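Chains as they are written, first to last, in the numbering used here: chain V, 187 to 360; chain P, 187 to 360.
Here a beta-carbon is modelled for each residue, glycine too, at the ideal position from N, C-alpha and C.
All values derive from a computational prediction rather than experimental measurement.
Taking it in order: structure first as C-alpha cells, then the write-up.
Protein chains: 2
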Amino acid sequence: MPQTDDGIAATFAPHDHQECAHRALDEAAERLAGQGARLTPVRRRTLEILLESHRAMGAYEVLDRLAAEGFGRQPPVAYRALEFLVSHGLAHRLQRLNAFAACLHPGHDHHPAFLICRSCDKVAEAPAGPVRDALTQVAAQGGFRVERATIEALGLCATCAAQDGDPASAEDGA
Amino acid sequence: MPQTDDGIAATFAPHDHQECAHRALDEAAERLAGQGARLTPVRRRTLEILLESHRAMGAYEVLDRLAAEGFGRQPPVAYRALEFLVSHGLAHRLQRLNAFAACLHPGHDHHPAFLICRSCDKVAEAPAGPVRDALTQVAAQGGFRVERATIEALGLCATCAAQDGDPASAEDGA
DNA sequence: ACCCGAATGTAATATAGTAACGAATAGGCG
DNA sequence: CGCCTATTCGTTACTATATTACATTCGGGT
C-alpha cells in the first residue's frame, strides 16, 4: 500500500482537527511576526474561520461569520482579510470555486496543486513540483514561459471512496 | 532549436487567421452534424465571435456583440450558447479569467492545459497528457482519484518575449 | 394541421468583486 | 505625554459574473 502520509490523506481522513487548526494558526502567527506583518483581530478571526474545516469558503460566507461576530458587514471587510492571508501565504484562493481555503503548510510549497473532493468538499494541498515541471516543459516546447500556474483537481478522496462503496478506488470490485 | 509546431507557437505567432478561424468553424459544424446537435444562428455566431481572436472573452463581452447583431440581450443568451459550445468541445472555459475561448483542436485532446500570455492576452492549448499524469500520480499517493483537472498557466509567449526585449526567454541576455 | 421537445427570449435575482472615501488606531518621535 | 503619519477598518455605492423561472417560438414527426 504505497500511501505516504504526505498530508493529503491526513487532510481527508478523520483527525484531531483542534490540534491541526491550532498548529496552523500558531505557525501563521509566528511567520507573520517574522515579517513584521500584523495579525489583527479580523485577520486572525478570518484565518480561524477558514481553519475550522478543510473546505474552501466563499468570501461572502466568511463575511457572514465575521459580521455575526461584530466585525464589519460589507464585502471589503472579508476580501481584505482574505487577500492579506493569501498574499502572506496563509490561505489559498481556488479559482474553480471562487473560494478560499486556509493553508496548512505555510512556507513549504507556496504554490501547491489542489485536490478538491466532490463528495466531502474538503481541499488538500499536494506537492506541485512534478506537475509544474511537466507543464513548464510542454509550454517551453511552444516557446511559452510559465510564470504562474493554476493546478486544481476535482475528484474523490480516499475516505469518501471507501464510504460511498465506490469500488474502483479500492482493489477491484468485480 | 527544439520547437515543434504543435500549435502553441502557431497560436501566438502572426498567421493567416481567416484561414485558421474558418477551418475551426468548419470542423465544428462537421462534428456537430455527426452528433445530431444543431449549430443554430446564435451558437454559430457565438463561435465565430470567439474565433475572431485567440483571446478569451467574458460572457458579457460576447453578449454585447450578440445583442448588437439582433440577438437577445439578456445574460442567458450568451451563457447558453457558450455552455453549448463548451459541452460539445468547441470552446473552453478559463477559470482564472472567468472567460471563454474557442477550441482550436476540437476532438484532439478535449482537456488541454491553457497557456495565457499576460502581454498579448492570447490563449493557447497545450497537450496536457504529461501534466495530467504527474497530477494523477501525486494525487494517487494520497489516495485521491482525479476526475477533472484545471491546468492553466499565466506567462509570456515567445512572440511577446521577443518583442518586449525580454532577454531571459532568448539565449542569455548578459 | 397538430403535437412535442428543443431553443430562444424576457424579467428578476443571486453571487462575486471593486472603487472611493472617511473614521479609528497603532507606532514613531519631539 | 502629545502629535504625526501610515495602516487598518468600516461604510456606501457600484461593477461584474451567473442563475432561476417562465413565456414564446421554432423544427420535425405523425
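Taking a contact to require three or more Cβ pairs closer than 8 angstroms, the stretch 267-282 of chain V and the stretch 291-310 of chain P do not qualify as touching. Its chain contains A312, A314, V317, I337 as the residues whose beta carbon lies nearer than 6 angstroms to that of V/A299, once the 5 sequence neighbours on both sides are disregarded; these appear in chain order.
Chain-order list of chain V residues neighbouring P/Q349: empty, with the shortest C-beta distance near 13 angstroms, by a criterion of under 9 angstroms.
Distance check between V/V332 and each of P/R304, P/R259, P/G258, P/L218 places P/R304 closest, using alpha-carbon atoms only. Rounded to whole angstroms, the separation of the alpha carbons of P/L218 and V/E269 is 43 angstroms. A straight line joining the alpha-carbon of P/D212 with that of P/Y246 spans about 25 angstroms. Within a 10 Å sphere around the beta-carbon of P/T232 sit 16 or more other beta-carbons, which makes this residue buried.
Residues of the stretch 284-302 of chain V with a Cβ closer than 8 angstroms to any Cβ of chain P, in chain order: A299, L301. Using a CB distance cut-off of 9 angstroms, V/C343 counts as an interface residue toward chain P. Looking at the DSSP output, P/V309 shares a beta bridge with P/I302. The alpha-carbon separation between P/A287 and V/D202 amounts to approximately 44 angstroms. In terms of Cβ geometry, P/F330 and V/L252 do not form a close pair [threshold 9 angstroms]. With respect to the 9 angstroms criterion, V/A310 and V/I194 are classified as neighbours on the basis of their beta carbons. For P/T322, the enclosing alpha helix (DSSP H) begins and ends at 315-326. Closest by C-alpha distance to V/C306, out of V/R230, V/A215, V/A344, V/V263, is V/A344. The beta-carbon of P/G193 is placed less than 9 angstroms from the nearest beta-carbon of chain V.
In the three-state scheme derived from DSSP, where H, G and I count as helix and E and B as strand, V/L271 is classed as helix. In the assembly as shown, P/T226 is an exposed residue. Its beta-carbon has fewer than 16 other beta-carbons within 10 Å. The alpha-carbon of V/A199 is positioned some 17 angstroms away from that of V/L340. Sorting V/D250, V/R241, V/P262, V/E216 by C-alpha distance to the C-alpha of V/G275 places V/E216 at the top. Between V/M243 and V/A285, the beta carbon gap of about 6 angstroms places them in contact (Cβ cut-off 8 angstroms).
The alpha-carbon of P/H296 is positioned some 10 angstroms away from that of P/S273.
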